[in-house]
Amino acid sequence: MKKPLRKAVLPVAGLGTRFLPATKAMAKEMLPVVDKPLIQYAIEEARAAGIEQFCMVTGRGKTALVEHFDIAFELEATLRQRNRLEAMEALKGTIVEPGSMVTVRQQVPMGLGHAIWCARAFIGDDPFAILLPDDLVLSRTPCLKQLADAYNETGGNVVAVVEVPREHTNRYGILKTGADDGRLVEVQGLVEKPAPADAPSNLSIIGRYVLMPEVIGHLAKMERGAGNEVQLTDGMAKLIGNQPFHGLRYEGTRFDCGDKVGFLEAQIAFALARPDLAAAVRAFLPKYS
Ligand code: UTP
23 MKKPLRKAVL
33 PVAGLGTRFL
43 PATKAMAKEM
53 LPVVDKPLIQ
63 YAIEEARAAG
73 IEQFCMVTGR
83 GKTALVEHFD
93 IAFELEATLR
103 QRNRLEAMEA
113 LKGTIVEPGS
123 MVTVRQQVPM
133 GLGHAIWCAR
143 AFIGDDPFAI
153 LLPDDLVLSR
163 TPCLKQLADA
173 YNETGGNVVA
183 VVEVPREHTN
193 RYGILKTGAD
203 DGRLVEVQGL
213 VEKPAPADAP
223 SNLSIIGRYV
233 LMPEVIGHLA
243 KMERGAGNEV
253 QLTDGMAKLI
263 GNQPFHGLRY
273 EGTRFDCGDK
283 VGFLEAQIAF
293 ALARPDLAAA
303 VRAFLPKYS
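Using the working numbering, read the sequence shown as starting at 23 and increasing by one per residue.
Following this line, the structure appears as structure tokens:
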């Protein structure tokens with residue numbers, strides 16, 4: 023019997039060095055794409071996949087992240103007084119069920135695997151999703167919903183994957199692939215950031231995962247991998263052979279918002295997808311090409 027997927031972990035404790043000075047006092051995940059912070063896109067995507075409980079693994083800049091999902095009494099009272107209904111409407115997506123969101127602290131950013139291990143008490147014995155908020159996916163069906171549907175089909179672990187240029191394999195977690203029907207691919211091995219010559223394929227994992235709780239036992243060994251960090255990819259690799267493990271070629275476009283160019287591209291793509299902004303953005307774009 024498959025357990026239902028109800029929990030999500032959102033690691034937001036990285037240093038965000040590529041966005042300094044913006045990330046000096048604030049987590050990278052509070053950076054907005056158009057008018058919404060990255061973390062809110064991730065929470066909304068998780069909700070759309072049936073997630074009911076959220077755990078943010080935080081480092082510096084926790085206050086803004088936590089307050090973003092709290093009720094802002096003074097602000098709301100002022101908006102109500104001034105009859106600013108459209109502004110009040112904009113706050114709706116920031117309210118979560120009371121008691122549904124917890125934070126844990128990763129005091130030292132020792133890697134993504136370590137960040138996930140920090141959420142072990144929250145995860146318990148349940149399957150859980152991971153969303154890296156700096157990976158933003160523009161799609162018809164929210165990316166995590168596609169993964170949750172695949173999990174209901176296959177059981178076990180499912181990660182979102184996309185083909186990357188071979189010369190970029192050293193930036194990502196890369197799959198060694200087995201049976202492949204063009205949508206779902208059996209994962210036979212995982213390598214973090216392999217050099218192009220050593221990469222077993224050019225199929226890379228993006229920041230959306232559905233994992234079984236057994237991964238925590240492997241991460242607990244605190245083995246250091248690429249970049250001398252505790253890598254989630256290495257922990258996941260240990261599950262292969264013991265549990266089903268699939269990659270899902272999701273429908274949609276991923277934007278790496280942890281990278282300046284990816285972040286700028288996301289601004290344009292998300293603005294063009296908005297009926298209230300598309301025409302105005304389309305009108306100014308030619309000036310810059
Ligand atoms: P990145 O590899 O993008 O690192 O992390 P970073 O520190 O956030 O950014 P740069 O490279 O210095 O600019 C991928 C995800 O893993 C989280 C980050 O918050 C991000 O969501 N992470 C990474 C942690 O939570 N803890 C870590 O120790 C490392």
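We put the CB at the ideal spot given by N, CA and C, even for glycine.
Handout entry: Opening and closing residue of the alpha helix (DSSP H) in which residue 144 lies
Key = For the purposes of this step, residue 144 is taken as residue 122 along the sequence shown, with counting starting at 1. It spans 142-145 - the alpha helix (DSSP H) in which residue 144 sits, taken as one unbroken run.
Handout entry: residue 40: CB within 6 Å of a non-hydrogen atom of the ligand FAD
Key = By its list of ligands, the structure shown excludes the ligand FAD, since it contains just the ligand UTP.
Practice task
Say whether the region 219-226 touches the region 96-116, bearing in mind that this needs 3 or more beta-carbon pairs closer than 8 Å, one atom from each stretch.
Solution key: no
Exercise for the section: Between the Cα of residue 199 and those of 270, 98, 101, spot the shortest distance and give me the residue it belongs to. Expected result: Taking the sequence shown and counting its residues from 1, the one referred to as residue 199 is at position 177. Considering only alpha carbons, the answer is 270.
Practice task
Check whether the Cβ of residue 67 lies closer than 7 Å to any Cβ atom in chain C.
Solution key: In summary, chain C is missing from the structure at hand, where a single protein chain is found.
Problem - Whole-Å CB distance - residue 34 paired with residue 289, under 8 Å assumed - result: Working through the sequence shown from its first residue, we reach residue 34 at position 12. Working through the sequence shown from its first residue, we reach residue 289 at position 267. That pair is no contact at about 20 Å.
Problem - Beta-carbon proximity list for residue 109, same chain, < 7 Å, skipping 5 on both sides - result: Translated into positions along the sequence shown, residue 109 becomes position 87. Closer than 7 Å at Cβ, skipping near neighbours: 101.
Practice task
Return yes when at least one heavy atom of the ligand UTP lies under 6 Å from the C-beta of residue 237, else no.
Solution key: The residue labelled residue 237 in the question sits at position 215 within the sequence shown. No, since every heavy atom of the ligand UTP falls outside the 6 Å radius drawn around the Cβ of residue 237.
Handout entry: Minimum length 3: unbroken beta strand (DSSP E) runs contained in the region 72-102
Key = 75-80
Handout entry: Three-state secondary structure (DSSP) of residue 10
Key = Outside the displayed span of the chain (23 to 311) sits residue 10, for which this structure offers no information.
Exercise for the section: Please indicate yes or no: does the CB of residue 216 lie closer than 6 Å to some heavy atom of the ligand UTP? Expected result: Here residue 216 refers to the residue found at position 194 when the sequence shown is read from its first residue. The answer is no for residue 216.
Practice task
To the nearest angstrom, report how far apart residue 303 and residue 294 are at their CA atoms.
Solution key: Translated into positions along the sequence shown, residue 303 becomes position 281. Translated into positions along the sequence shown, residue 294 becomes position 272. Distance between the alpha carbons of residue 303 and residue 294: 7 Å.
Exercise for the section: Report yes if the C-beta distance between residue 274 and residue 122 is below 7 Å; otherwise report no. Expected result: On the sequence shown, position 252 is the one that residue 274 refers to. On the sequence shown, position 100 is the one that residue 122 refers to. For residue 274 and residue 122, no; Cβs fall outside 7 Å.
Exercise for the section: Compare the Cα-Cα distances from residue 249 to each of 91, 300, 284, 193 and report the closest residue. Expected result: For this step, residue 249 is matched to residue 227 along the sequence shown. Among 91, 300, 284, 193, the Cα nearest to that of residue 249 is on 193.
Problem - Any 3 or more C-beta pairs closer than 8 Å across the region 162-181 and the region 279-289 - result: no
Problem - Those runs of the beta strand (DSSP E) which lie wholly inside the region 192-267 and span at least 3 residues - result: 195-202, 206-214, 225-233
Exercise for the section: May I ask whether a heavy atom of the ligand UTP can be found less than 6 Å away from the beta carbon of residue 33? Expected result: Within the sequence shown, numbered from 1, the residue matching residue 33 stands at position 11. Under cutoff, so the answer is yes.
Practice task
Output yes or no for whether 7 Å exceeds the beta carbon distance between residue 176 and residue 268.
Solution key: Along the sequence shown, read from residue 1 onward, the residue named residue 176 stands at position 154. Along the sequence shown, read from residue 1 onward, the residue named residue 268 stands at position 246. Yes.
Practice task
Could you check the C-alpha separation between residue 257 and residue 144 for me, to the nearest Å?
Solution key: Position 235 of the sequence shown, counting from 1, holds the residue named residue 257. Position 122 of the sequence shown, counting from 1, holds the residue named residue 144. Distance between the alpha carbons of residue 257 and residue 144: 18 Å.
Practice task
For residue 38, count neighbouring C-beta atoms within 10 Å of its own C-beta (all shown protein chains included) and say buried if the count is 16 or more, exposed if not.
Solution key: As a position in the sequence shown, residue 38 is number 16, starting the count at 1. With 16 or more other Cβ atoms within 10 Å, it is buried.
Problem - Sequence-distant residues of the same chain with beta carbon closer than 7 Å to residue 232, five excluded per side - result: Position 210 of the sequence shown, counted from the start, is the residue given in the question as residue 232. If we look at residue 232 and ignore the five residues flanking it on each side, its Cβ neighbours are 27, 149, 151, 169, 170, 173, 179, 180.
Exercise for the section: Could you tell me the distance, in whole angstroms, from the CA atom of residue 191 to the CA atom of residue 301? Expected result: Position 169 of the sequence shown holds residue 191. Position 279 of the sequence shown holds residue 301. Taking the straight line from one Cα to the other gives about 37 Å.
Exercise for the section: Rounded to whole angstroms, what's the CA-CA distance from residue 242 to residue 139? Just pull it up for me. Expected result: Along the sequence shown, one-based indexing puts residue 242 at 220. Along the sequence shown, one-based indexing puts residue 139 at 117. Distance between the alpha carbons of residue 242 and residue 139: 7 Å.
Handout entry: Unbroken beta strand (DSSP E) run spanning residue 124, endpoints
Key = As a working mapping, residue 124 is identified with position 102 in the sequence shown. That run of the beta strand (DSSP E) goes 123-127.
Handout entry: Endpoints, the beta strand (DSSP E) within which residue 277 is located
Key = To locate residue 277, count along the sequence shown from 1; it is residue 255. 275-278 is the extent of the beta strand (DSSP E) around residue 277.
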